[in-house]
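Trainee: Numbering that gives the first Met the number 0 puts the first residue of the sequence shown at 0, with every later residue one more than the last.
Backbone N, C-alpha and C define an ideal beta-carbon position, used for all residues, glycine too.
Note that the structure is predicted; figures quoted are calculated from it, not measured.
Provided herewith is a single structure, encoded as structure tokens, for subsequent inquiry.
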Amino acid sequence: MSSGDERTLVQEIEGHLLLAAAREEGRTAAARAAARLGWLTETQRDDLERQFEAEYLALARTSWRRTAERAEELREGYETRYRALRQRLVACFLLGCAALAATGLLVLSASA
């Protein structure tokens, strides 16, 4: 198994674990909300909990999607900035080397 395959597998496992945790959080929150409504029948309580959990998961997915999109935007911005800085550094290095070579030539021609 290549490192790319391993990374993909780990990401899939992380995704499943994150989804399972969000489902459990949704169920817990749904049970707490339904418990406050003591007048509900068992069927109504189950229906409310199912709907609450589904809505909780939908909100979590929306939040995750927004977070992933923002992370991608930030990554692109940082990569662009890094490339520009790297180009400047290379240009400064080459300019320094050219100045050093010119100075060396001047010193050699002056001493000759």
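(1) Under the rule that 16 or more other beta-carbon atoms within 10 Å means buried, what is residue 25, buried or exposed?
(2) Counting Cβ pairs closer than 8 Å, one from the segment 47-58 and one from the segment 13-33, do we hit at least three?
(3) Along the chain, where does the alpha helix (DSSP H) that runs through residue 27 open and close?
Mentor: This is what the structure gives:
(1) The sequence position of residue 25 within the sequence shown is 26, counting from 1. With 16 or more other Cβ atoms within 10 Å, it is buried.
(2) As far as the Cβ criterion goes, the segment 47-58 touches the segment 13-33, which means the pair count is three or higher.
(3) Locating residue 27 in the sequence shown gives position 28, counting from the first residue. Residues 2-34.
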